[in-house]
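Below is one structure, written out as C-alpha cells; the observations come after it.
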Amino acid sequence: MGFGRGPRIPLWVVILVICCIQQKASSAEDVPERVTILPPLKTMPVISSFHSAHNGRVCSTWGTFHFKTFDGDIYNFPGVCNYIFASHCNAPFEDFNIQIRHERVGNTSTISYVTMRLDGTDFKIEKDQILVNGKRIHLPYNGPGFEIEHFLNYIKVDSKMGLTLMWNKDDSVMLELDKKYANHTCGLCGDFNGIPKYKEFYFENTPITDFQFGNQWKLNDPTEDCEDPIPPSQKNCIDEYDICRETLTGSAFSECNDIVGVKSYIDACVHDLCLCDEVEKSSCLCDTFSEYSRQCAHAGGRPQQWRSAELCPITCHLGMQYQECGSPCANTCTNSEISHVCEDHCIDGCFCPPGTVFDDINGKNCIPFDQCSCIYNGESYAPGMTYSAPCRSCVCSGGEWNCTELPCPGICSIEGGSHISTYDEVWYNFHGKCNYIFTKICDEETFTVLGDLGPCGFTESESCLKMVALTINGGETFAAINRKGKVIVNGMSAQLPISVANVTIFQPSMSFIILETNFGLQIMIQIIPLLQINIYLDPSFQGRMCGLCGNFNHNQRDDFKTLNGLIEGTAIAFANTWKTQAACDNIKQHFNDPCTQSIENEKYARHWCGLLTDPEGPFAKCHLIVNPKAYHTNCMFDACACEISENCMCAALSSYVRACRTKGIELAGWRTSACSKYTTSCPRSLNYSYEISSCEPTCRSLSEPDITCHIKFVPVDGCTCEHGSYMDDSGICVPANKCPCYYKGIAMLPGEVYHEFGVACTCNQGKLNCYGDGDSTQDCTAPMVYFDCRNATTDSKGAGCQKSCQTLDTHCYSPQCVSGCVCPHGLVSDGKGSCIPVEECPCIHNDATYQPGEKIKVDCNTCICQNRMWKCTMETCLSTCAIYGDGHYITFDDKRYIFNGQCEYTLLQDYCGQNSSTQGSFRIISENIPCGTTGTTCSKSIKVFFQNYELILTEEQYKVVKRESGGHIPYRIHEMGIYLMIEIQKGLIVLWDKRTSLFIKLSAEFKGEVCGLCGNYDGNGVNDFTTRSRSVVGDVLEFGNSWKVSPTCPDAKCVKDPCSKNPYRKAWSQKKCSIINSEVFA
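Letter by letter, the sequence shown follows residues -27 to -1, 1 to 1055 in mature numbering (1 follows the signal peptide of the UniProt record, and there is no 0).
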C-alpha cells in the first residue's frame, strides 16, 4: 500500500508585526479643525441559505460494495483489495489521499480499515484502534490541522483544509470535501467535476464498465497480488422490488424523494436482497435505507423515523432515544448554548429526550439542565455545593456558579529589584535609579511607602531594591529597612520588635520583617536572599491610591494614570513620574534579554525556573489558582541577570510560593527540589520552618508585652527559634536566663556604629554622637546655587527636597538635610540641569514634553496642556479586544495571554449570566486554521451570529448565511486597506485583516454584559478568566477550554513555547522581531 506523491513546496510563514498604539499623541498642529474623511469601499454580501444542499460534495460507500461519486453516479464494485477512495490530484502538492479495503462477511460486506494521509500526517483507522503516524491514539484527538472523535455512531475525521470523513465502523464511509477541490480529485469517488459519468466512466471517449473503472484504482501492498473482482451472474430479483420501494417511497422519506432521486437506491436495495440469505435480509435492507437517509440530510432534507421494532431497530443507552434526524450539536452540561450556533445538517443517532441534556461532566446519563454539576479547578461540584476563595464565595446552580464578591485587600509587590505588580495585578518591569513613591493616598499625607531602586551590577539589567521606607503623617514617623535587614526608626537604629506611634515592626523569621499599622496598611519585607516587599492595603483605600503600585480601583487599564490626569502609554513613562528627587534622570526604555549574554546562565535559569511551570513539579498544586507564567518570566530574567544567579532564582521561586500562600495554597516541601541550602543553613539553635504564622519569641518579649503576637499576616518561611528558647539581639536563640534586659524598648548594649552621607554616628546612651565631614562644597551651574547643610537650620532639607516640574505636586520625603545644588527661590528644576519659573513648566505624556496650550489626542479625546496639567474632553471611547498571531489575546480590560486551542471557541457574546442561552443578541466564534505539521496558525475562521443571520469570514473571503426567515441583513461591510470592517450594530465593530488578526471594538454600553475569551469588559482585568460556568480561575487552559463550542473537541493540554521546542530558530526570531524595539517604532 502506498500514497501518491507530488513535489513538496516549502511554506514560508510571513510574520506580521502589529504595532497597536492605544494612545497616540500628536501636537496641536496635527489636529486640524476640519477633517475630510474618505469613505471606505462598501461591499454587498452574497446571501446563502442555511442548511443548503451539499450532497454534490459528498462521496460514499455502503452496503454490499455500493459507491456514490461526488458527481452523483451510483455503481457497484465488489473489490476486496486496497483501493484509492479519493485523492487530491492535478495539483503540485497532494493535500489528501484516502484508501479503503472491503472484506466479505457472508454475502454482505464490511470495511476492514481506512487509511489516510492528510497534509503529511498518516492515519490508519480500524474498528478497534486508530494509528496516527504509527502510534496508537485515544479519542478525541487533536493534531496539526485535524481532529478525530467519536461522533454519535461514527468515527469522524475533520480536517481544517476542508475535508470531513465519517465511518460507522461497519459498511458505510462518507467523505465530504470543500468545493475548492472541484475537478482536483481521483479515485473511486470520481473527479468532482460536477458532470455525471463524464471522464470517470470513459476512457479516450469510450465508455468503460463499473468494474473497469474500479480496478484502475487498486493499490496493492508491497508483498500483495490481489486479484480483480469478477462480475457475478445476474439474478432475477423482481420479487424484492416492492419491499425496497415501499419503504424508500413511504411517508418517512416523502420529503427526501423530492430532493434525492430514489430509483438508484431502490436498485441498490434490490441488489443486496438478491445476494443475501434469508437470515441476512434485514441487515441488507438497513444499509441502503440508512444511506438514503444520510443523503437526504446532506441534501437539506429531514428524513422521518422509518425504523421500528421489527425493521432495523437500534437500542440506545444512558436514557437516550434514537432519532433519524437529530441535531449534531446537542446541548450538554458544559455548553448549553451549542445548539444556537449549529451549522451542520441533522444526523442519525442516540440523543437525549427533549427537556434534558447529556451530563458530560459526570458521564452518567441525560438529566434536566438544572441538575447539572459545576466545574471549578478541574473538580466537579453538585448543585447546591459551594466553594470559597479569597474575596469570593460561590454556589453551584444549574451548571453555573453564582458568586458573591467579598471585600478584599489590595496587594502590591516589588520583586527582584525591577518587577512590580500593582494592586490591580498589572505586572511591569522598571529598572529605576532613584527614590520612588511606591504607594500613597493621592491627596493626603497619611502615609507614604517609598523605596530606593538602583543598579547593583555593571549592566542595566542588574537592579535592586536597596531600601524601603514608610512615612506617616507627613514624616512625623519614619521607618526604613535596608537590604541587609537593618531597621531605622525616626533616624535611629532599632532593635526588633519595636512599636512607635501607630506602627509596629517585628521579625517573624530571619527571612522576613513585617511593618504593621493601625490604619489598614501592612508591609511584608523579605530580606533573604534579596530585599523584596509585599504591600497589603485595606479595601477601604480603593480608588484613593497613587504611586508605582497603581490606584487600586480594580481597573487595570488606568493603573498608569499620573497626577497630571493622563494615562501613560508605557510603564517607564509612568514610573518616571513617581521619583521623589529632581536630580535623578528619567529612566529610558531598554529591551535587553540577559539570557542571551550567557549560554550557561540560560541553561541554569531554564532548569531551575522551569520548576515553576512543570505540571508535575513542586509548584503544580497552585497552578490552577495562581498562573505561574509571570513568575517564570521574572525568574528567567533575574537568574540570567544577577551576579549570583542562585540568590535571584530562589527569590523568584519564593515570590510564587508567597503568592500561592496568599490564596490559601501551602507549598510545604518545595525546597527539597530547589534552594535547599536555606533549610540547612540556619544559625545554631534555629530551625527552618515552611509555615510561620505568629510572632517569633524574643528576649524583648520577656521584658515587655509583645503586641506582635496578635498581628495576623500571610504565613512565611525561614529560620526561627525552637520552642522554649528566645532570640537575643545577635540573632541567637538562648534560654530565658541568658536574655539581656531592656528598658523602654532600648537594649543596654551600646557601641553600634551607623554611617550616612560620610558621617559616622555611635549609639551611646540612646543618642547618636556623629563626627566626620560628610558635606563638601561644589561648583553649581547658574542659576543654581550651592546649599550647605552645615550652615542651615535644623529643619532644612536642602537638595534632598529640590522641586522640579515633575515633583511639584509631590511631598518631600528626605529624612535629613542634603547638601548640593538647588534652584533660587521662586524657580524649580526643569530636569535638564537648569531652573525655570513654575508657570513655564510643560506637561508630560509618554516621556514627551508639551508646552502650555498644546493639544494631543488620547484615544477619541482631545487634551490641552494647562498649568502643567492635562484638561481632556470626556467622550466615551470604544474599547478593543485584539486576537492576533498564533493564539495571542488582549482582552477589553487589557489582560494579555496566550491560548493555542485547536477547536472553535466563543470569542465574545452577550449571552451571559442566568438564562444565558436565551437573553442576548450576538455571538462571535473563532477557530485557528493551522498550516504544515507544526500546528502554527496561518489564518482564522470567524463566525458572527446576529439576529437571523450568520456571517462567515474564512480564507480571505466572507459570506452571509440566512439561518431563519425574516429581517434584513444586519451587517455593513467595508473594505479598509488590508482590513475588512464589519459594523454589526451600534457600538459593535469587527476588523479582520483576512489572515490571523482580529480586532473587536465595543462601546461602553456593553460593559459587564459580555463574556468569552475577550473577557467580561467590566474594567477589571483580574476577573477576565471567567469560565462559561461563571467561575473565575487562574489557569489559562481551564479558562480557554471552557469556551470551546463543541464539548467533544479535545481540551488544549499546554501553552505552546515554540522557542523551547525549536531552539535553533530562537536567534533568528529574535533578530526578526527586534524591529519592534528599533527606531522604526520608537
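Note that CB positions come from ideal geometry on N, CA and C, so glycine has one too.
Which whole-angstrom value describes the C-beta separation of residue i and residue j, a residue pair presumed to lie in contact below a C-beta threshold of 8 Å?
i	j	result
T444	I508	The pair is not a contact, with the Cβ atoms about 14 Å apart (cut-off 8 Å).
F895	L975	Contact flag wrong, Cβ pair sits at about 11 Å.
I506	F403	The pair is not a contact, with the Cβ atoms about 14 Å apart (cut-off 8 Å).
P810	L800	6 Å
residue 1056	T969	Residue coverage of the chain in this structure runs from -27 to 1055, which leaves residue 1056 outside it and unanswerable.
Y878	L964	19 Å between Cβ atoms; not a contact.
S914	T927	4 Å
Starting from the Cα of residue i, find the closest Cα among the options and give me that residue.
i	options	result
I211	D194, I239 and F895	I239
A977	E848, R1038, R936 and P327	E848
G372	M134, T1000 and V707	T1000
N126	N141, P117, E120 and C615	N141
G447	S472, D416 and I103	D416
E489	V687, C298 and K650	V687
Q515	I393, P380, A453 and V1018	P380
V314	G981, I925, E982 and M609	I925
P326	P276, N526, H318 and F342	F342
D866	Y990, Q775, T822 and V933	Y990
In the structure shown, what three-state DSSP assignment does residue i receive?
i	result
G747	Confidence in G747 is poor, its pLDDT being 49 and thus under 50, which makes the residue's placement unreliable; the coordinate value appears in the next sentence. G747 falls in the coil class under three-state DSSP.
K337	coil
S484	coil
F514	helix
L626	helix
Y238	helix
K457	coil
D92	coil
A1055	coil
P1031	helix
V78	strand
C210	coil
V399	coil
V599	coil
K650	helix
K406	coil
H61	strand
I942	coil
V687	coil
E352	strand
H798	coil
I232	coil
Take residue i and list the residues in its own chain whose beta-carbon comes closer than 6 Å to its own, dropping the five residues that flank it on each side.
i	result
C522	C385, T395, Y396, F411 and T412
N875	Correcting the residue type first, residue 875 is Gln in the shown sequence and not Asn. Excluding positions up to five away in sequence, the list reads N115.
T359	V368
V995	E398
D425	N408, K439 and M440
Closer than 7 Å: is that where the CB of residue i sits relative to any heavy atom of the ligand GTP?
i	result
V243	Ligands displayed in this structure: none; no statement on the ligand GTP is therefore possible.
Does any residue of chain C bring its CB to less than 8 Å from the CB of residue i?
i	result
I951	Any reference to chain C falls outside this structure, which holds one protein chain only.
Closer than 8 Å by C-beta to residue i: which residues in its own chain qualify, once you throw out the five before and the five after it? Chain order, please.
i	result
G642	P591 and Y663
Q958	S894, F895, F919 and P943
If I measure Cβ to Cβ from residue i and keep anything under 7 Å in the same chain, skipping five residues before and after, which residues do I get?
i	result
P428	K406, E435 and S436
P51	F38 and P202
C984	Q882, C885 and T999
Q278	A225 and E297
F184	F50, P202 and P204
F1012	F998, T1000 and V1006
G782	According to the sequence shown, residue 782 is Asp rather than Gly. Correct list, in chain order: L536.
Decide yes or no for the touch test of the region 67 to 76 against the region 89 to 99: beta carbon pairs closer than 8 Å, at least 3 of them.
yes
Determine, using beta-carbon pairs with one atom in the region 228 to 243 and one in the region 251 to 269, whether at least three such pairs fall under 8 Å.
At 8 Å Cβ cutoff, the stretches touch.
Quick test of the definition: if touching needs 3 or more C-beta pairs under 8 Å, does the region 654 to 670 touch the region 692 to 699?
yes
Stretch pair the region 295 to 310 + the region 54 to 63: three plus CB contacts closer than 8 Å
no
Can at least three beta-carbon pairs, one atom from the region 285 to 295 and one from the region 316 to 323, be found at a separation below 8 Å?
Judged by Cβ distances under 8 Å, the region 285 to 295 makes contact with the region 316 to 323, as three or more pairs qualify.
Given 8 Å as the limit, is there contact between the region 535 to 549 and the region 576 to 590, that is, 3 or more CB pairs closer than that?
no
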